[in-house]
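Reviewing the structure listed below.
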Amino acid sequence: MTSGSIMYMAVGEMYTSQGFNVVAPNLRGFGGSSGSVAMGYLESLDVYDWIKDLNENYSRYGVTKAPETIVVHGMSLGAATTLQLATNPDIAAAQGAPYTKNLTQLHVKGFVDDCGYTSMTGIITGMLTMGDMTQITSMLGSLGIDEAEFMKEFSQLTEKLNIEGFEKFNFS
606 MTSGSIMYMA VGEMYTSQGF NVVAPNLRGF GGSSGSVAMG YLESLDVYDW
656 IKDLNENYSR YGVTKAPETI VVHGMSLGAA TTLQLATNPD IAAAQGAPYT
706 KNLTQLHVKG FVDDCGYTSM TGIITGMLTM GDMTQITSML GSLGIDEAEF
756 MKEFSQLTEK LNIEGFEKFN FS
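Quick note on the working numbering: the sequence shown kicks off at 606 and runs consecutively.
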């Protein structure tokens, strides 16, 4: 739950000190941006749009020529976003709108996955065991999933599979 400016201070300065330009956007629902967190998928499509815009409208970003090398660096949810961008088959195919160019054509040369999550189930389980429904409510809402129905099914599944740790959690 951070912002592009904080991420810039964490890793962006390392890049600028070596002569690179850095774009550190606020992902959906972060840093005062609108939208709800979508666990990386929709955010990866946003990053594609930013990369495409950077190539086509580079002067808007304060640079005098189009980029020759772009490295996408993501941390935590941003890392999951980065991996989803890198492995999206529709973007790789680039056979028409909205993906008119693949990442190679947009000068993306590499990806840094810095502490990305490996399991959506693990993320949800972690949120539930902490008893903090704020993040999970936001995530479910952004995906169009009915919270009450999800919690009912999740409770039934954990009980059926005899998964410990959720017996005392209030699913209502």
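The C-beta atom is built at its ideal place from N, Cα and C for all residues, glycine as well. Everything numeric in this text was worked out from a predicted model, so none of it was measured.
Cα separation between residue i and residue j?
i	j	result
residue 695	residue 704	7 Å
residue 755	residue 765	15 Å
residue 646	residue 748	10 Å
residue 782	residue 719	What is shown of the chain runs 606 to 777, which leaves residue 782 out entirely.
residue 636	residue 708	26 Å
residue 624	residue 660	18 Å
residue 662	residue 621	20 Å
residue 616	residue 682	15 Å
residue 752	residue 672	43 Å
residue 657	residue 743	28 Å
residue 712	residue 746	35 Å
residue 670	residue 626	12 Å
residue 643	residue 675	24 Å
For residue i, which beta-bridge partners are listed by DSSP?
i	result
residue 676	715
residue 701	704
Does the beta-carbon of residue i have 16 or more other beta-carbons within 10 angstroms, so that it is buried, or is it exposed?
i	result
residue 684	buried
residue 689	buried
residue 648	buried
residue 750	exposed
residue 619	exposed
residue 634	buried
residue 667	exposed
residue 702	exposed
residue 614	exposed
residue 715	exposed
Between which two residues does the alpha helix (DSSP H) holding residue i run?
i	result
residue 652	646 to 661
residue 617	That residue, residue 617, is in no alpha helix (DSSP H); it is neither H nor E in DSSP.
residue 761	752 to 765
residue 629	Careful: residue 629 lies outside any alpha helix (DSSP H) and carries neither H nor E.
residue 686	682 to 691
Looking only at its chain, what residues have a beta carbon closer than 7 Å to the beta carbon of residue i, apart from the 5 residues adjacent to it on each side?
i	result
residue 652	677, 686, 690
Quick one: what's got a C-beta closer than 8 Å to residue i's C-beta in the same chain, skipping five residues either side?
i	result
residue 697	707, 708
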